[in-house]
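Participant: The sequence shown lines up with residues 32 to 292 when you count with the working numbering.
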Amino acid sequence: MIGAYMPYASSWCLWDSSAGGCTPSRRSRDPDLNITPMKNAKLLFHARCSGYDRMETVPRNEVLQMQEAALNLRDHGWAKGSSGNISIRLSTPFSGDPGKLYYNAPLKVPELEGSHILITRAGSTMEEVIGDPEGSIGLFGYHEGKLDLVWGSGPPTSELSSHLLILSMKKGNVVMHCHMDAVLRFSSNHPGGRTLPGGFGSVGWFEPGSPELAFATMNAMKEHNTVLWMGHGAISCAGSVDECIGNLLELERELEEILDG
């Protein structure tokens, strides 16, 4: 038997290949990092799960990582409603045919030329990413300032500028943005900002989704992997979903210690 997350059923199961079915099992968590685990678990693809009936056109490992990230953002309460967004840059260009639909990138990022990136759709919820990946994630090929939709749905998240600039720095291939309550409380108590312990960066308030926020974040990311957006949220870049979640958890703990101190 192996553990598996069924995205269309929103539950964890134990898969018994000999029985050809699954039996309910309680979802477990890492006791130290409080990360909802999905790595080393086989995602059971099913025709009912949107998009997986065309697996030859889907980078399934990265889609699974997107679902893992969404599951954690949801479970930590960091992505209420349609807040929060995720992107993963594929380590190698994807071989799928470019679609006829494309979006103009808000910024030209030549460092991403020829790259393929999975990005959450604007307005999508984490529940939708978990249960309907094709309807809430887009696989885009970056070419000459345009994002060609190869698979899934668009348009990409309104925070696309920040995702593109951070991914162009090649600090990691996973970027996660969330809205944690501790950031809003910290911003209210320290409106002028303050130096954060633990190696975390911070930027002042900028219009969400703006180029100004994206460039300020990129500058902060030169020295940090996780950056607090005053009055807004936080964003982290790492080599894996687990690393990103771990970074965000550490930031939340640091903020709570400051607030409780």
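From the three backbone atoms N, C-alpha and C, an ideal C-beta is built for every residue, glycine too.
Kindly list the residues whose CB is nearer than 6 Å to the CB of Lys202, restricted to its own chain and excluding five residues on each side of it in sequence; keep chain order.
Facilitator: Locating residue 202 in the sequence shown gives position 171, counting from the first residue. Correct list, in chain order: Cys268.
Participant: Among Glu238, Met249, Leu143 and Glu285, which has the Cα closest to the Cα of Met211?
Facilitator: Along the sequence shown, read from residue 1 onward, the residue named residue 211 stands at position 180. Cα-wise, what sits closest to Met211 is Glu285.
Participant: Tell me Ala269's beta-bridge partners as DSSP assigns them.
Facilitator: Walking along the sequence shown from the start, residue 269 turns up at place 238. Paired residues: Val205.
Participant: In terms of residue numbering, what span does the beta strand (DSSP E) encompassing His147 cover?
Facilitator: For the purposes of this step, residue 147 is identified with residue 116 of the sequence shown, where counting begins at 1. Run containing His147: His147 to Thr151, per the beta strand (DSSP E) assignment.
Participant: Check the Cβ-Cβ distances between Ser267 and every residue of chain D, and say whether any is below 9 Å.
Facilitator: Looking at the structure shown, chain D is missing, and only one protein chain is on hand.
Participant: Go ahead and label Trp300 buried or exposed: buried means 16 or more other beta carbons lie within 10 angstroms of its beta carbon, across all protein chains shown.
Facilitator: One cannot answer for residue 300 here, as it falls past the ends of the chain, which runs 32 to 292.
Participant: For the alpha helix (DSSP H) that contains Asn220, what are its first and last residues?
Facilitator: In the sequence shown, the residue the question calls residue 220 occupies position 189. Run containing Asn220: Asp212 to Asn220, per the alpha helix (DSSP H) assignment.
Participant: Quickly, what does DSSP pair Ile276 with across the bridge? List them, please.
Facilitator: Within the sequence shown, numbered from 1, the residue matching residue 276 stands at position 245. Partner(s): none; Ile276 has no beta bridge.
Participant: What are the residues that DSSP puts in a beta bridge with Lys131?
Facilitator: As a position in the sequence shown, residue 131 is number 100, starting the count at 1. Looking at the DSSP assignment, Lys131 forms no beta bridge with any residue, so it has no partner.
Participant: Taking DSSP as the reference, what is the three-state secondary structure of Arg120?
Facilitator: To locate residue 120, count along the sequence shown from 1; it is residue 89. Three-state DSSP puts Arg120 in a strand.
Participant: Could you tell me the distance, in whole angstroms, from the CA atom of Asn220 to the CA atom of Glu238?
Facilitator: Residue numbering aside, residue 220 sits at position 189 when the sequence shown is read from its first letter. Residue numbering aside, residue 238 sits at position 207 when the sequence shown is read from its first letter. Using only the alpha carbons, I get a separation of about 20 Å.
Participant: Should Pro137 go down as buried or exposed, given a rule of 16 or more other Cβ atoms within 10 Å for buried?
Facilitator: To locate residue 137, count along the sequence shown from 1; it is residue 106. Result: buried.
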